[in-house]
C-alpha cells in the first residue's frame with residue numbers, strides 16, 4: 001500500500017514528538033507499505049515568523065512573506081528525516097521546488113495546478129520514506145508560494161490524488177471529527193464517519209479539524225480521508241462520499257469567531273447594484289459569506305454581509321474607494337460577531353430543523369443578527385460574547401434531547 005500521512009504543527013512541536021511521529025511512520029514502513037509524510041511547521045513557528053516579519057515591515061511584500069514562512073516546513077521535514085536516519089530507516093526530505101508542486105501565483109493563498117510525481121515515485125521505489133513540506137508550492141516564476149493557513153492538509157490530499165495513494169491519513173491533536181468543539185461542549189461526540197459534503201461545510205464554517213480546500217479536493221478525486229490523533233491509537237473519523245446517516249439529523253455544530261460584518265448603507269434600490277458591489281469585492285479576492293438585504297429609506301436599500309476578519313480592512317477600503325460609483329452612502333464594519341452553524345445531510349428530508357435551532361437560541365436569550373441556509377446547513381450571525389453559551393445550547397438541543 002501507498003499511504004500519505006499528514007502531521008500538524010502540534011504533532012511535531014518538539015524533538016520528543018518528532019521522534020514519536022517517526023516511530024509511527026516507521027511502523028507502517030516495516031509492514032511493507034510505501035510511506036509519504038507531509039509536515040506542517042513545528043508548533044507555533046508560523047506565528048513566530050509572522051511576528052518577525054511584522055516587526056521588520058508591517059506591509060511586507062507578500063512574495064517575501066511566503067519565502068519566510070516556507071522555512072518553517074523545511075525545518076520540520078529535515079529534522080524528521082534526521083530522526084528516521086537515527087533509527088536506521090532510509091528517508092529523504094523534499095521541499096515544494098524539489099518535488100515539484102506547481103501552484104498559481106497568488107502569494108499567501110495559492111492553489112495547486114499540478115504535481116510532478118516522478119521524484120517522489122523514484123525515492124519510494126528506492127525504498128525510502130519520503131517527507132514533503134506541506135503548505136507550499138512554486139509558481140510559474142519558480143517563486144515559493146504558500147497555500148494559506150491549514151494548507152498542509154491540502155498538500156496531503158493533493159499528493160494522495162496525484163500518487164493514487166491507497167490511503168490518506170490526517171493526524172492532529174484531536175481523535176477525529178466531533179459533533180462540536182469538545183473544549184467548548186463537554187458532551188461533544190466523536191463521529192465514526194462523515195460525508196465529504198458535511199465535512200466541507202463544517203470546515204468552511206469554522207471547524208478546525210480539516211482545511212476546507214483539502215476536503216474539496218478529496219471529494220473531487222475520491223480520496224478517502226481518515227482523521228485521527230497523533231497522540232494515541234484511538235480509531236479516527238472516516239471522511240467519504242456516502243455514510244449511514246439514518247436517524248442522524250445534524251452531524252455537527254461549527255463556530256467561526258474570525259468573522260466581521262460589513263454594512264453597506266443607502267445604496268440605490270435598482271437592478272445591478274448588488275452585482276457591482278460584490279463583483280468589485282471579488283476582483284480583490286475578498287470572499288463573502290452571509291448576506292442580508294433590507295429596504296432603507298427614500299428608494300435606497302442596505303446590504304450587510306460577512307467576511308473573514310483578515311479581509312475586513314481590505315473590504316472596507318475597496319468599498320470606500322468606489323463609494324460614489326457604487327452609490328454607497330455609508331460603510332460600517334463590526335468585528336464583535338461570530339457565525340454559528342449546524343450541518344447535516346439529514347436536514348434535507350426533515351422539517352422543523354431551523355425552528356429547533358432558533359428555539360435553542362431563544363431559550364438562552366441569544367439574539368440572531370443574520371441567517372443563511374443551504375440544503376445541509378443553517379448559519380446564524382450572533383454577538384461574539386454569546387457564542388459559547390449558544391453553541392452548547394444548540395448542541396444540547398440536537399444531541400441530548
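Numbering (our numbering), first residue to last: 1 to 401.
Beta carbons are placed, not taken as given, at the ideal position from N, Cα and C, and that holds for glycine.
Predicted model, so just to flag it, every value in this text is computed and none were measured.
Problem - Buried versus exposed call for residue 123 [16 or more other C-beta atoms within 10 Å across all chains shown] - result: For the purposes of this step, residue 123 is taken as the residue at position 123 of the chain shown. It counts as buried.
Practice task
Use the C-beta contact count for residue 144: other C-beta atoms within 10 angstroms, 16 or more gives buried, fewer gives exposed.
Solution key: Position 144 of the chain shown, counted from the first residue, corresponds to residue 144. Residue 144 should be labelled buried.
Practice task
Taking all protein chains shown into account, decide if residue 261 is buried (16 or more other Cβ within 10 angstroms of its Cβ) or exposed.
Solution key: Your numbering for residue 261 matches position 261 in the chain shown. Burial call: buried.
Problem - Assigned secondary structure, residue 89 (DSSP; H/G/I helix, E/B strand, else coil) - result: As a first step, residue 89 is located in the chain shown; it is residue number 89 there, counting from the start. Correct three-state label for residue 89: coil.
Problem - Any beta strand (DSSP E) of 3 or more consecutive residues that is wholly inside the region 202–284 - result: 225–229, 237–240, 252–256 and 259–268
Practice task
Provide the residue span of the beta strand (DSSP E) that contains residue 171, from first to last.
Solution key: Counting from one through the chain shown, the residue named residue 171 turns up at place 171. For residue 171, the uninterrupted beta strand (DSSP E) run begins and ends at 167–172, by DSSP.
Handout entry: Proximity winner among 392, 15, 224 and 80, relative to residue 129 (alpha-carbon distances)
Key = What you label residue 129 is simply residue 129 of the chain shown in a count that begins at 1. Measuring from the Cα of residue 129, the nearest candidate turns out to be 80.
Problem - Counted within 10 angstroms of its Cβ, other Cβ atoms place residue 246 as buried (16 or more) or exposed - result: Your numbering for residue 246 matches position 246 in the chain shown. Only weak support exists for where residue 246 lies, its pLDDT of 48 falling under 50; the coordinates are left without a value.
Exercise for the section: Return the chain-ordered ranges of every beta strand (DSSP E) run that is complete within the region 286–316 and spans a minimum of 3 residues. Expected result: Scanning the region 286–316 from its first residue to its last, the whole beta strand (DSSP E) runs of 3-plus residues come out as 291–295 and 300–308.
Exercise for the section: Using three-state DSSP, classify residue 178 as helix, strand or coil. Expected result: Position 178 of the chain shown, counted from the first residue, corresponds to residue 178. The answer is strand: DSSP assigns residue 178 an E or B state.
Exercise for the section: Flag this pair as yes or no: are the beta carbons of residue 273 and residue 327 separated by less than 8 Å? Expected result: Counting from 1 along the chain shown, the entry for residue 273 is found at position 273. Counting from 1 along the chain shown, the entry for residue 327 is found at position 327. Contact flag set, yes.
Exercise for the section: Would you please state the rounded distance, in angstroms, between the beta carbons of residue 264 and residue 319? I believe it to be under 8 Å. Expected result: To locate residue 264, count along the chain shown from 1; it is residue 264. To locate residue 319, count along the chain shown from 1; it is residue 319. About 6 Å; that satisfies the 8 Å criterion.
Problem - For residue 7, the first and last residue of its enclosing beta strand (DSSP E) - result: On the chain shown, residue 7 is found 7 positions in, with the first residue counted as 1. Element bounds for residue 7: 2–7.
Problem - C-alpha distance - residue 254 paired with residue 180, whole-angstrom precision - result: Within the chain shown, residue 254 is the residue found at index 254, counting from 1. Within the chain shown, residue 180 is the residue found at index 180, counting from 1. Approximately 6 Å, taken between the alpha carbons.
Problem - Cβ pair residue 251, residue 194 closer than 8 Å - result: As a working note, residue 251 is residue 251 in the chain shown. As a working note, residue 194 is residue 194 in the chain shown. In this structure, residue 251 sits near residue 194, with a CB-CB distance shorter than 8 Å.
Problem - Short Cβ contact (8 Å threshold) for residue 197 with residue 368 - result: Mapped onto the chain shown, residue 197 falls at position 197. Mapped onto the chain shown, residue 368 falls at position 368. No; because the gap between Cβ atoms is not below 8 Å, this pair is not in contact.
Problem - Where residue 373 sits in the DSSP three-state scheme - result: For this step, residue 373 is matched to residue 373 along the chain shown. DSSP places residue 373 in strand when its eight states are reduced to three.
Handout entry: According to DSSP, residues forming a beta bridge with residue 112
Key = Counted from its first residue, the chain shown places residue 112 at position 112. In DSSP, residue 112 forms a bridge with 103.
Handout entry: Any 3 or more C-beta pairs closer than 8 Å across the region 64–78 and the region 45–55
Key = Three or more pairs of CB atoms, one per stretch, sit closer than 8 Å, so the region 64–78 contacts the region 45–55.
Practice task
Kindly give me the distance between the Cβ atoms of residue 35 and residue 5, rounded to whole angstroms, as I take these residues to be in contact under 8 Å.
Solution key: Start at 1 with the first residue of the chain shown, and residue 35 comes out as number 35. Start at 1 with the first residue of the chain shown, and residue 5 comes out as number 5. Rounded, the Cβ-Cβ distance is 7 Å, consistent with contact.
Practice task
Could you have a look at residue 324 and say whether DSSP puts it in helix, strand or coil?
Solution key: Reading the chain shown from its first residue, position 324 is the one you call residue 324. Of the three classes helix, strand and coil, the one that applies to residue 324 here is coil, per DSSP.
Exercise for the section: Count the C-beta pairs between the region 203–221 and the region 151–165 that are closer than 8 Å, then say yes if the count reaches three, no if not. Expected result: Because the criterion of three Cβ pairs below 8 Å is met, the region 203–221 and the region 151–165 touch.
Practice task
Tell whether a beta-carbon distance below 8 Å holds between residue 134 and residue 108.
Solution key: For the purposes of this step, residue 134 is taken as residue 134 along the chain shown, with counting starting at 1. For the purposes of this step, residue 108 is taken as residue 108 along the chain shown, with counting starting at 1. Not in contact: residue 134 and residue 108 (Cβ atoms no closer than 8 Å).
Problem - Other residues of its chain near residue 13: CB distance less than 6 Å, five sequence neighbours each side excluded - result: Walking along the chain shown from the start, residue 13 turns up at place 13. Cβ neighbours of residue 13 beyond the five flanking positions: 42 and 43.
Problem - Assigned secondary structure, residue 134 (DSSP; H/G/I helix, E/B strand, else coil) - result: Counting from 1 along the chain shown, the entry for residue 134 is found at position 134. Here residue 134 sits in coil by DSSP.
Exercise for the section: With hydrogens ignored, establish whether the beta-carbon of residue 275 is closer than 7 Å to any heavy atom of the ligand PLP. Expected result: Absence of the ligand PLP from the depicted structure is noted, as is the absence of any ligand whatsoever, leaving it without description.
Problem - Cα-Cα separation, residue 50 to residue 390 - result: On the chain shown, position 50 is the one that residue 50 refers to. On the chain shown, position 390 is the one that residue 390 refers to. So the two alpha carbons sit approximately 33 Å from each other.
Practice task
May I have the straight-line CA-CA distance separating residue 10 from residue 27, to the nearest angstrom?
Solution key: Counting from one through the chain shown, the residue named residue 10 turns up at place 10. Counting from one through the chain shown, the residue named residue 27 turns up at place 27. Going from the Cα of residue 10 to the Cα of residue 27 covers about 21 Å.
Handout entry: Residue-chain proximity (residue 395, chain D), Cβ-Cβ < 8 Å
Key = Absent here is chain D; the protein component of the structure consists of one chain.
Practice task
With residue 385 as the anchor, note down where its alpha helix (DSSP H) starts and where it stops.
Solution key: Translated into positions along the chain shown, residue 385 becomes position 385. Taken as a continuous stretch (DSSP letters only), residue 385 belongs to no alpha helix (DSSP H), as it is neither H nor E.
Problem - Same chain, Cβ closer than 6 Å to residue 110, five either side skipped, listed in chain order - result: The residue labelled residue 110 in the question sits at position 110 within the chain shown. 103, 104, 137, 145 and 147.
Practice task
Please list, in chain order, all residues of the same chain as residue 60 whose beta carbon is under 7 Å from its beta carbon, the five residues on each side excluded.
Solution key: Here residue 60 refers to the residue found at position 60 of the chain shown. If we look at residue 60 and ignore the five residues flanking it on each side, its Cβ neighbours are 53.
Exercise for the section: Inspect the beta-carbon positions of residue 330 and residue 266 and report whether they are closer than 8 Å. Expected result: The residue you call residue 330 lines up with position 330 of the chain shown. The residue you call residue 266 lines up with position 266 of the chain shown. Yes, the Cβ-Cβ distance between residue 330 and residue 266 is below 8 Å.
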